Amino acid sequence: AMASGGQRVVLITGCSSGIGLRLAVLLAQDAKKRYYVVATMRDLRKKGRLEEEAGDTLNKTLTIRALDVCSDESVTQCLDGIQDRRVDVLINNAGIGQIGPIESLGMPEMQKVFETNFFGAVRMIKAVLPDMKRRKSGHIVVMSSVMGLQGIVFNDIYSASKFAMEGFCESLAVQLLKFNINVSLIEPGPVNTEFEMKLMEEVGKSEFPGADADTVHYFKNVYLPASHEIFVTLGQSPDTVAKATARVIEMSRPVFRCQTNALYTPLVAMKYADESGNLSVRTFYNLLFNYGTLFHLSMSALRCLTCSCFRRRSVYPS
Ligand SMILES: NC(=O)c1ccc[n+]([C@@H]2O[C@H](COP(=O)([O-])OP(=O)(O)OC[C@H]3O[C@@H](n4cnc5c(N)ncnc54)[C@H](OP(=O)(O)O)[C@@H]3O)[C@@H](O)[C@H]2O)c1
Ligand SMILES: *[C@@H]1O[C@H](CO)[C@@H](O)[C@H](O)[C@H]1NC(C)=O
Ligand SMILES: *[C@@H]1O[C@H](CO)[C@@H](O)[C@H](O)[C@H]1NC(C)=O
Ligand SMILES: *[C@@H]1O[C@H](CO)[C@@H](O)[C@H](O)[C@H]1NC(C)=O
Numbered sequence: 349a350m351a352s353g354g355q356r357v358v359l360i361t362g363c364s365s366g367i368g369l370r371l372a373v374l375l376a377q378d379a380k381k382r383y384y385v386v387a388t389m390r391d392l393r394k395k396g397r398l399e400e401e402a403g404d405t406l407n408k409t410l411t412i413r414a415l416d417v418c419s420d421e422s423v424t425q426c427l428d429g430i431q432d433r434r435v436d437v438l439i440n441n442a443g444i445g446q447i448g449p450i451e452s453l454g455m456p457e458m459q460k461v462f463e464t465n466f467f468g469a470v471r472m473i474k475a476v477l478p479d480m481k482r483r484k485s486g487h488i489v490v491m492s493s494v495m496g497l498q499g500i501v502f503n504d505i506y507s508a509s510k511f512a513m514e515g516f517c518e519s520l521a522v523q524l525l526k527f528n529i530n531v532s533l534i535e536p537g538p539v540n541t542e543f544e545m546k547l548m549e550e551v552g553k554s555e556f557p558g559a560d561a562d563t564v565h566y567f568k569n570v571y572l573p574a575s576h577e578i579f580v581t582l583g584q585s586p587d588t589v590a591k592a593t594a595r596v597i598e599m600s601r602p603v604f605r606c607q608t609n610a611l612y613t614p615l616v617a618m619k620y621a622d623e624s625g626n627l628s629v630r631t632f633y634n635l636l637f638n639y640g641t642l643f644h645l646s647m648s649a650l651r652c653l654t655c656s657c658f659r660r661r662s663v664y665p666s
């Protein structure tokens, strides 16, 4: 199978689960068959779920290939396997999370977050650029996060890796526009995928060596319950984020930034509302440490509302 004339070749990283899997299937099922999806994953043993969800699009508008964003060899091999190395839309979705007090995290673990979330995407972009520039056409999409715009407590390294990606794209987008190549950042809030579960598993295994008892207490008994509540209350489905991403790649003049969860826009806007940064830091501090009960109550109220219509108020309704 290969792309037929007029089809846009869309390469997506990290399609074994979550947003990547949903997006691959959504694009492959496009009624007008506008896309030929190269759905990639680092471990092909995990392809079962994608094969199942792709249904009869498999080997027609969707092909599954191996790609580890942390390996030069794997990236080269995958691109060489694509006809004319033509990728019209690159979607950098592969990513890993990390939470916890930084004193308890090893340097190699932290570096792995950057190796995947930042350098993994950089490696992909670097690999597709020469061909995109030659053709004077292309769209590079990065699955960032609201944590790439506003750091969130105990997500220090993850936030930093997404901030790095934001800065990289802001810088690159200007140069690439000269070559008719567009760059877009998708910035979801919490999304109900395996992501949170994987983090909780990691946390469950750790004894937090090196972190003091107070910090471990705040992390386990204040942050973790609050975080879980936020996922339950404000979390979007991977399908909603996939649809928002599909809209961005359909735009004739693609937006540079797209926040998928309207509830987060005020939190992000707050940091620009006060140049000193005090407002942001204090507000997040108070939310977490001083207003525990209030936080809980407002989340419960939100949860009530979200049952009916609140979820539909996201920027891109599902
Ligand atoms: N879930 C959220 O709350 C949330 C919010 C904002 C942004 N995001 C971002 O959305 C993206 C997708 O996350 P998700 O929520 O869909 O989580 P997910 O279900 O855990 O999916 C992450 C995907 O990335 C893959 N991956 C990890 N390391 C890789 C590597 N070296 N090479 C290739 N693939 C690799 C994983 O593959 P394996 O199965 O092999 O591990 C998996 O397919 C990430 O960039 C994440 O930062 C997520
Ligand atoms: C799709 O292609 C792969 C690799 O060529 C092959 O192993 C698989 O059996 C095909 N699946 C279907 C449903 O055609
Ligand atoms: C990218 O942006 C330019 C300028 O805004 C636009 O003319 C072009 O059609 C866009 N290309 C793609 C592939 O979306
Ligand atoms: C920010 O906080 C510092 C320390 O409390 C204070 O000295 C400063 O005046 C504050 N700035 C603004 C603009 O509120």
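All letters in the sequence shown, in the order written, are residues 349 to 666 by this note's numbering. For every residue, glycine included, the Cβ atom is placed at its ideal position computed from N, Cα and C. All values derive from a computational prediction rather than experimental measurement.
| Query | Result |
| --- | --- |
| Proximity test, residue 403 beta-carbon vs ligand 3 heavy atom, cut-off 8 angstroms | no |
| Outcome for residue 468 when other beta-carbon atoms lying within 10 angstroms are tallied against a minimum of 16 | buried |
| Residue 411 CB to nearest heavy atom of ligand 2 below 8 angstroms | yes |
| Segments of 4+ residues assigned as alpha helix (DSSP H) that fall wholly inside the stretch 504 to 573 | 504 to 525, 542 to 553 and 561 to 565 |
| beta-carbon residue 565 near ligand 3 non-hydrogen atom, thresh 8 angstroms | no |
| Entirely enclosed beta strand (DSSP E) segments - the stretch 377 to 454, minimum 3 residues | 383 to 389, 410 to 414 and 437 to 440 |
| Outcome for residue 584 when other beta-carbon atoms lying within 10 angstroms are tallied against a minimum of 16 | buried |
| Alpha carbon of residue 661 to alpha carbon of residue 612, nearest angstrom | Residue confidence for residue 661 is low, a pLDDT of 44 falling below 50, so the modelled location carries little weight; the figure read from the coordinates is stated next. Approximately 12 angstroms between the Cα atoms of the pair. |
| Same chain, Cβ closer than 6 angstroms to residue 368, five either side skipped, listed in chain order | 360, 362 and 441 |
| Euclidean distance between Cα positions of residue 561 and residue 451 | 12 angstroms |
| Ligand 2 heavy atom lying under 8 angstroms from the CB of residue 406 | yes |
| Strand pairing of residue 471, partner residues [DSSP] | Note: residue 471 sits in no beta bridge, so no partner. |
| Check: residue 477 C-beta below 8 angstroms from any heavy atom of ligand 3 | no |
| Residue 329 burial status per 10 Å Cβ neighbour count (16 or more: buried) | Look at the range of the chain in this structure, 349 to 666, and you will see that residue 329 is not part of it. |
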